[in-house]
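Here is the structure we will look at, set down as structure tokens.
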Amino acid sequence: MSEKPLDESVSASLEAPKMKTTGLPEVDDGGPPQYATSNDFEPLTPIQSFEMNQSLLEDAIPDRPLIAPLVPMAALRAEYEGGSQVFVKQIDWLTEHGYAGIRRTRGDGDCFYRSLAFAWIGRIMLSKDTPLAVMSAISVLEASQPLLEAAGFQRMVFEDFYDCLVSLINEIITPERDGRLLTPAILLEAFNSPEVSNSIVVYLRLLTSAKIRADPDEYAAFLFHPEIGEPMEVRDFCESFVEAVGKEADHVQMTALTKALKVNVSVAYLDGHVHGEEGKVDFVQFKNVEDSTIDPVVLLYRPGHYDILDQRSEDALDV
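Just so we're aligned, residue 1 is where the sequence shown starts under full-length UniProt numbering, counting upward by one.
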């Protein structure tokens, strides 16, 4: 299979810092990892950073909704105050740069897809030209169906998942549910319904797979097994790690899906590393459209997990 040079936007996204944990040092079986104390300003090692975040997530998973209401960044800061102060300083940096709230998602392996879908629809609702934003999104999704069929997915397999996503977006301007338009509260309720939320996740996974399969030369050089780091064929990678639910998304999947949806996404890395300016947080940009009718989706990446960043500290009240 020949390797086709990546265009500039794809290359920038795929060559950004990797989100997988392949190559991390072995964990010492002699005892639990020792994290930095509240007085320690040294950055954590990759394995410490990953395990600390996983511990925080796993402790909350049983009671955590699929998508939670917005909470102030102070709530996230409180989780790290007894650990690495590098994380605390990065959270403070985000707050100082306008990010007042965080919307948490369940750490179930589908958090990227669920976060992106929720935040994308939320951006459409807040668009200055909402009807145009809705029509543009639905047009993109309509055009995605032939892409899925070309990848070998039968329409009867994905049409219910597709209808679920399109219907929800359409409700922004066309009342369907009890005669009401989609509101932030209704959107949150919908995404906490496993039937609705998981249907949307499945469709986006299939769309991501179809996009990768449609442009194999563009992505093939970047397809690696996330656990052992071995190169993988396009079909095997898609079947094992894209179409399968509960599998964490990597840069390839993020690039493919944001391109397929024609949406701009900015991902903040809360990684516990020092980046020049004290507490500075690096952002990875997935820019796919000029003059978009909606603002970019902003996600927060912590090792092994995605949440949603917001300039608001709480959800707006429905009127």
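Note that CB positions come from ideal geometry on N, CA and C, so glycine has one too. Being a predicted model, the structure only gives us computed values, none of them experimental.
Check, Outcome
"DSSP three-state call for residue 294: helix, strand or coil?", "coil"
"Quick one: give me the first and last residue of the beta strand (DSSP E) that residue 286 is part of.", "282 to 286"
"Measure the alpha-carbon distance for residue 156 versus residue 226 and round it to whole angstroms.", "31 Å"
"Following the continuous alpha helix (DSSP H) through residue 199, name the residue where it begins and the one where it ends.", "194 to 214"
"Are residue 121 and residue 169 closer than 8 Å when you measure CB to CB?", "yes"
"Residues in the same chain with beta-carbon distance under 7 Å from residue 104, minus the five sequence neighbours each way, listed in chain order, please.", "64, 68, 307"
"Going by the beta-carbon positions, is the gap between residue 139 and residue 272 smaller than 8 Å?", "no"
"Under the three-state reduction of DSSP, which class applies to residue 23: helix, strand or coil?", "Residue placement at residue 23 cannot be trusted, given a pLDDT of 33 that sits under 50; what the coordinates show is reported in the next sentence. The answer is coil: DSSP assigns residue 23 none of H, G, I, E or B."
"For residue 299 versus residue 119, is the C-beta distance shorter than 8 Å?", "yes"
"Give every residue of the same chain whose Cβ lies closer than 7 Å to the Cβ of residue 76, excluding the five residues on either side of it in the sequence, and list them in chain order.", "91, 102"
"Closest to residue 196 by CA distance: which of 295, 117, 127, 146 is it?", "117"
"Within the continuous beta strand (DSSP E) that includes residue 184, where are the two ends?", "Note, residue 184: premise wrong, no beta strand (DSSP E); alpha helix (DSSP H) at 184 to 191."
"Can you give me the Cβ contacts of residue 282 inside the same chain, cut-off strictly under 7 Å, excluding the 5 residues immediately before and after it?", "269, 275"
"Distance check for residue 146 and residue 135, CA to CA, integer angstroms please.", "18 Å"
"Once you ignore the five residues that flank residue 160 on each side, which residues in its own chain have a CB closer than 8 Å to its CB?", "199"
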